[in-house]
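Residue numbers (the numbering used here), protein chains in the order written: chain F, 1 to 242; chain X, 1 to 720.
Glycine is no exception: its CB is placed at the ideal position from the N, C-alpha and C atoms.
In structure tokens:
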């Protein structure tokens, strides 16, 4: 569990939040609302049929689904998979230009204007949640009007990925600062979390033991994906009861 | 930053990475490249709106920000500053969406900004169905439409046919007013999703008018028969919210879900137990369960309704029912025992895949709730709210639309695409007197129009809509908050203008008028204050909600006889509503084209889903091109060998196979409805989606299937 650090504010001591997410797989239905919500919020372009056939689609969040057993005793295991914001992120040390790093709040940040497109990070990510832009993104007019001005459109030749909707984190912090208060638990909702009809996804400060996400992360059902690799992901999955 | 400093920073940063102590160090360095103020949130405002993507009627919020676009003025390209919608979210005030939104709801934005959206009115410039149009002025288009209306009404107003969508909203009320002014019959709903079976089933089992709602959030055991309520059906956001709560919203209580359907749908994925019913066997299963419950002594406190249900179920032969649905008598008894033992069971009765006997099947499944005493109680089935009765009355139904279309002197189309969902009606469209479309896009049906008068996008117009299912009296509503992007006009005012020019004027209802009427019907002492305050508050909140739904059954059971399903015939075919495209309307949104299909992981196309047994017999593998032939038609599509398909059952999702629907959808894939001919639910006339017998033939070994993930099984070491 990440521990919060303390940073000097303007005369007051404030705990640096440690962002994380919990996803309850007993609630998640695999409806993919999060997938489209993410594309809409983060200007994730569609690749088109030809590029999709080459495996070049970009889904910052996806639903992994695997069949188990055979008819009639068959079932599906599914889970939303996004950047796990690992504390020991395999993507970070392999970047030759330090375009990706973990910030003080635990986000694995990608700096698009530093990235030179080696794709080492994408290759080294065991969760396959990093995407290379083979071509400049295009939106047939007037689809460009849908773009979110808070999120930069990534050019060709760089790698992009889930940011935990850092622009929403920033907005919530600015609002809280303007109102002279701390960011409240549940106040920040990445687009996937906000959209989820089953309310399966919870985002918050893992270093605050009273936060909802911290409580869920401590659940007996909580597991992390490929935890055995030692990546220390910040996304906790609450397994289905059955 | 100059070039020298840039390399200094990069060099230091790289050193940090090599020493492995990059964390804090990079924090100190990187801000030089990405200043803290790098992300500056823009100025935004949020406005309530009503989602127009399906009939659920979710209240949503639209994020509006300033933008620029280029337009042509007097032959010159100039920039124009406009307010634009940037994002859609659920409206937390709205009891249907509760602040949540589904994939299709998000993609409503791409209908607003669709590159193939009509920029203005059009006149046909080629043969009907070819989709060739020329731009005309509104004056010219309206004159043409008015002349056609005049002449049709003068000839015989009874032959004016209005094809629309099954929604209870402002638009439906204005269409009803328009048709009433003309002396024409009510509008028809033509899609496969008009819930005629659900409405009739509820009327027969409970005596209710409308679509009932299921309080599954408070249930301990949910048995769903034929209702894929998590991926589509009546109200996917409402029921997914309820499902989440049922599972993990109550400390110490985890609700259980048993799902009976002829395909392994999203609801089946999430069920604790899936009952793979043979296509068309839903009625037999419901009757068999009823018989087993009667044998267990269910319905111990008899009322007239319970007595009627007991009497109907007592006549059922369990073994015969078992043979007809493909489930063993033992399994049926097991499920019945579980239902009888549960503290708060509920049976969700639906027809996600409409059959020839769907109305009977829904009535029989609904009657199980009567037997179990789960009607109008917490965690049971609740009656449809009764506010704004005129909107409910105006909701179009199937209503013999094919017969009327075949004899039409004027066809007006708004939000319906029968040429896609019932391809056999194309001939009638080609031969109809005049066809007027109010669509924003040229789709399969609008391609037959003589004149197209494009409507505003749902986000560009005001709205009042009743949710298709709700556990509380409520409406979602919105005022207009952005200007129309193109030269479109709201269809409500277009209809009023056409009626006026035909000398049959009517006063269209607007959002304010509908909400004022709602306030009046609530009566004095409703706590809603003045009419003006009520309307203002509702439009500001984006919704109004009143009392929770309540009431018991008043109905008399009238279950039909059931027939043995076609269980011995190999390879039957059924179509179904897809999660991403619904019944086809979402296919022109690129986000949805690239959204992996839940079953097959297919993108930019949908496959024929073939069970492993049939696939093995025909040596069919994923991606092979297969021809499917029925007595009604044929199609070619890539195959997906679905590990969860019932042996002998071939399925295909609706969505692709549009002859016309813009650059993202036209000519892409196959239309599964082309295999079905003119199948209908025998009691309601609703378009049925199977089963029909099919013959499969492998044409090519190939790579016809684009999949996001080609891996169906989690086999190490590819864990992710």
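Only 84, 86, 87, 89, 100, 101, 102, 103, 106, 107, 109, 110, 113 and 115 from the region 83-117 of chain X bring a Cβ to less than 7 Å from some Cβ of chain F. About 6 Å separates the beta carbons of residue 681 of chain X and residue 354 of chain X, which is inside the 8 Å limit, making them a contact pair. Classified as buried, residue 50 of chain X has 16 or more neighbouring CB atoms from the shown chains inside 10 Å of its CB.
When DSSP reads this structure, residue 276 of chain X sits in a beta bridge with X:261. Listed along chain X are 86 and 87, each with a C-beta nearer than 7 Å to that of residue 148 of chain F.
One thing to note: residue 638 of chain X has its Cβ no nearer than 7 Å to the Cβ of residue 613 of chain X. Around the CB of residue 74 of chain X, fewer than 16 other CB atoms lie within 10 Å, so the residue is classed as exposed. Going by DSSP, residue 325 of chain X is part of the alpha helix (DSSP H) stretching over 318-325. If you check each beta-carbon in the region 581-593 of chain X against every beta-carbon of chain F, the ones closer than 8 Å belong to 590, 591, 592 and 593. Between the C-alpha atoms of residue 151 of chain X and residue 269 of chain X there is a straight-line separation of about 54 Å.
For the pair residue 128 of chain X and residue 448 of chain X, the CB atoms are nearer than the 7 Å cut-off. DSSP places residue 205 of chain F in no alpha helix (DSSP H) but in the uninterrupted beta strand (DSSP E) bounded by 201-205. If you ignore the 5 residues before and after residue 306 of chain X, its C-beta comes within less than 7 Å of the C-beta of 299, 370 and 371, all in its own chain and listed in chain order. Look at residue 676 of chain X here: in three-state DSSP terms it is coil, with no helix or strand label. Per DSSP, reduced to three states, the secondary structure at residue 167 of chain F is helical. DSSP, read as helix, strand or coil, puts residue 313 of chain X in helix. Closest in alpha carbon position to residue 220 of chain F, among F:110, F:105, F:241 and F:228, is F:241.
By the rule that beta-carbons nearer than 7 Å mark a contact, residue 187 of chain F does not touch chain X.
For residue 610 of chain X, no CB of chain F lies under 7 Å from its own CB, so it is not counted at the interface with that chain.
Boundaries around residue 110 of chain F are those of the beta strand (DSSP E), 108-110, since no alpha helix (DSSP H) includes it. By the Cβ-count criterion, residue 136 of chain F is exposed, with fewer than 16 other Cβ atoms from all chains shown falling within 10 Å of its own Cβ. For residue 27 of chain F, the residues of chain X that pass the 8 Å Cβ criterion are 243, 244, 247 and 248, in the order they occur in the chain. Within the region 143-177 of chain F, contact with chain X at the beta-carbon level (separation under 7 Å) is assigned to 143, 145, 146, 148, 149, 150, 166, 167, 170, 171 and 174. Residue 23 of chain F is positioned such that its CB atom lies no closer than 7 Å to that of residue 191 of chain F. Partner residues in the beta bridge of residue 700 of chain X, as assigned by DSSP, are X:625.
Per DSSP, the unbroken alpha helix (DSSP H) holding residue 174 of chain X starts and ends at 170-182.
Residues 142, 145, 146, 149 and 178 of the same chain have their beta carbon placed closer than 8 Å to that of residue 498 of chain X, with the five preceding and five following residues left out of the count. In the structure shown, the three-state DSSP call for residue 232 of chain F is coil.
The region 388-408 of chain X makes contact with the region 418-433 of chain X, as at least three CB pairs between them are under 8 Å. For residue 146 of chain F, there is no enclosing alpha helix (DSSP H), as DSSP marks it with neither H nor E.
Annotated as proximal: residue 121 of chain F and residue 159 of chain F, with beta-carbon spacing under 7 Å.
Under DSSP, residue 21 of chain F shares a beta bridge with F:203 and F:235. In the three-state reduction of the DSSP assignment, residue 162 of chain X falls in the strand class. For residue 337 of chain X, no beta strand (DSSP E) segment is defined; the enclosing uninterrupted segment is the alpha helix (DSSP H) at 329-341. Counting the other Cβ atoms within 10 Å of the Cβ of residue 529 of chain X gives fewer than 16, which makes it exposed.
Here the alpha carbon of residue 393 of chain X sits roughly 51 Å from the alpha carbon of residue 177 of chain F.
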